[in-house]
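Protein chains: 2
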Amino acid sequence: MASRTTQILEAAVRVIARHGVRGLRVEELAAEAGVSTGLIYYHFKDRAGVLRRTLQFISDRAGHYTTVRDPDAAPLTPREELEQSLLLELQDTGEVRENSSAWGELRASAVFDPLLREELASATSLWVREVTAMLTRVNPAAPASAPAAAAERLTALVEGLSMRWLSGGIPVDRARTLMLEAVEAEIAMLQRR
Amino acid sequence: MASRTTQILEAAVRVIARHGVRGLRVEELAAEAGVSTGLIYYHFKDRAGVLRRTLQFISDRAGHYTTVRDPDAAPLTPREELEQSLLLELQDTGEVRENSSAWGELRASAVFDPLLREELASATSLWVREVTAMLTRVNPAAPASAPAAAAERLTALVEGLSMRWLSGGIPVDRARTLMLEAVEAEIAMLQRR
DNA sequence: GTCTATAACGGGATAGAC
DNA sequence: GTCTATCCCGTTATAGAC
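Quick note, the sequences are listed as chains A and B, same order. Going by our numbering, the residue at position 153 of the first sequence is 153; the numbering climbs one at a time, nothing skipped. Each number in our numbering comes from the position in the second sequence (counting from 1) with 1000 added on.
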């Protein structure tokens, strides 16, 4: 059972996903969480405290980067696993959209808030390491530094495409197509070495 | 001699680069530009107008910090031209950093602000078309749709890497290296078709 | 710990003089 | 075109009851 603060933080993620960091109103957050504004201040001191804790919460939760899979399903090839993992962030479902929007806000906020950077950097580097491992499984023969660089590019591309999608620049299907082709290009490059 | 509105727009880019779109206060903008708040409203109608025009200003200007080149040097190959153009946004100089920060902020804001989307979409599509043209020059034989997709990926990657750089995730040199390798991968892919 | 009621404030926007 | 002064609203934040 979620604690009171967790309940509020989860509500905060939803509100941020809807209106952004700048659009978070304490009163709306209270309504979303089903509590009073007074309670928000009781638990978080002030609005900045809510933001700080929420953005940490987002990067800690990093639900982003883990796939829960049915253990009985047919095993994925390394390449399928990689593709699936990257496409996870490019789906037009409520939950993914929420997560991606919030993550984008976190990244954007970190540009102006040194406190968030550390948190963000470690979450990102975890993600990059995971993708690096998948790429290594796709092509174990590639020189050591190549999969790491490819992973940095592919994850950065996910973020770039995600922003374009969320800001209405491209439909989500286009983003997915572009992503898959990028995987192809990167794997081809690993092969050629 | 810069016009009054240009002077204000330049100040707006600086303020946004420092504090983000979220942190832009009309009063601070006025101070930065050395004018009164009243004048801001006279020229831009409201705060949203400032943002809209600033976005246009940034995208117009981005084309312009084009490379100071030695006139005696050999002319650039199409590929070099492409590389230069993409690397333009990944330079740790005051002006570029300012532009990139502001651009990232506007992109992030557009997720929650439909008014900015239109503007952003047309600026982006212009950029994508330019990169597409360069890619076509690199490999005129490639099928028509391939350079366009590659251009979308490369520009999205610039944005993704730029965010990582600005949020302290990677140093600018790393971003540049990753970018160049991506160009290589994309060109190789065009070749293979 | 949690709520209701309200005080205090920030900042967007306007009016009117020059 | 530009400035000063000010209004006004939405929001943050606090006080005090339960």
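Glycine included, every Cβ here is placed at the ideal spot set by N, Cα and C. Here the structure is a predicted model, which is why all the values come from computation and not from measurement.
For S3 of chain A, there is no enclosing alpha helix (DSSP H), since its DSSP letter is neither H nor E. Secondary structure note for N1139 of chain B: it is in no alpha helix (DSSP H), with a DSSP letter that is neither H nor E.
Between the C-alpha atoms of D46 of chain A and V26 of chain A there is a straight-line separation of about 9 Å. Within the region 1163-1177 of chain B, the residues whose Cβ lies closer than 7 Å to any Cβ of chain A are, in chain order, M1163, R1164, L1166, S1167, G1168 and G1169.
Contact annotation, A1102 of chain B with I1058 of chain B: C-beta distance approximately 6 Å; criterion of less than 8 Å satisfied. Taking a cut-off of 8 Å for Cβ pairs, the region 1143-1158 of chain B and the region 155-163 of chain A touch, as three or more such pairs fall below it. In the three-state DSSP reduction, P75 of chain A falls in the coil class, being neither helix nor strand. Rounded to whole angstroms, the separation of the alpha carbons of E1098 of chain B and A1017 of chain B is 5 Å. With contacts defined as CB atoms closer than 8 Å, R1117 of chain B and S167 of chain A qualify as a contacting pair. Where V21 of chain A is concerned, there is no enclosing alpha helix (DSSP H), because DSSP gives it neither an H nor an E. With a cutoff of 8 Å on beta-carbon distance, L1090 of chain B and R1176 of chain B are scored as near each other. One finds V1111 in chain B with Cβ atoms closer than 7 Å to the Cβ of S101 of chain A, taken in chain order. With respect to N1139 of chain B, Q1084 of chain B sits apart: the two C-beta atoms are not nearer than 8 Å. Within the region 1037-1114 of chain B, complete alpha helix (DSSP H) segments of at least 4 residues are found at 1037-1044, 1047-1062, 1078-1087 and 1094-1110, given in chain order. In the DSSP assignment, P147 of chain A falls within the unbroken alpha helix (DSSP H) covering S145 to L166. The way I'd put it, the region 1126-1139 of chain B does touch the region 1072-1086 of chain B; three or more beta-carbon pairs between them come closer than 8 Å. Around the beta-carbon of P1147 of chain B, 16 or more other beta-carbon atoms lie within 10 Å, marking it buried.
Residues of chain A whose Cβ lies closer than 9 Å to the Cβ of G1023 of chain B are, in chain order, R22 and F112. Here DSSP, grouped into helix, strand and coil, assigns I1170 of chain B to coil.
Here DSSP, grouped into helix, strand and coil, assigns V1035 of chain B to coil. For R129 of chain A, the secondary structure class from DSSP, reduced to helix, strand or coil, is helix.
For chain B, the residues of the region 137-157 of chain A that bring a beta carbon within less than 7 Å of one of its beta carbons are A149, E152, R153, A156 and L157, in chain order. In this structure, the CA atom of M189 of chain A is about 32 Å from the CA atom of D70 of chain A.
Classified as exposed, E1080 of chain B has fewer than 16 neighbouring CB atoms from the shown chains inside 10 Å of its CB. Contacts between E1159 of chain B and chain A, judged by CB atoms closer than 7 Å, involve G160 and M163 in chain order.
Against chain A, a Cβ distance below 9 Å from M1134 of chain B picks out nothing, because the smallest value is about 17 Å. Contact between A150 of chain A and L135 of chain A holds, with the beta-carbon distance rounding to 5 Å and staying under 8 Å.
DSSP, read as helix, strand or coil, puts R1176 of chain B in helix.
Scanning its chain for C-beta atoms nearer than 7 Å, with the 5 sequence neighbours on each side dropped, one finds around T1005 of chain B the residues H1043, in chain order. Annotated three-state conformation of R1192 of chain B is coil, per DSSP.
The shortest C-alpha to C-alpha distance from R52 of chain A to any of A:E184, A:E105 and A:S145 is the one to A:E105. For R137 of chain A, the CB contacts under 6 Å within the same chain, skipping 5 residues up- and downstream, are P78 in chain order. Contact with chain B is found for L120 of chain A, since one of that chain's Cβ atoms lies less than 8 Å from the residue's Cβ. Residue-level contact by beta carbon holds for E105 of chain A and chain B, with a gap shorter than 8 Å.
Counting C-beta atoms within 10 angstroms of its own C-beta, T1054 of chain B has 16 or more neighbours from the protein chains shown and is therefore classed as buried.
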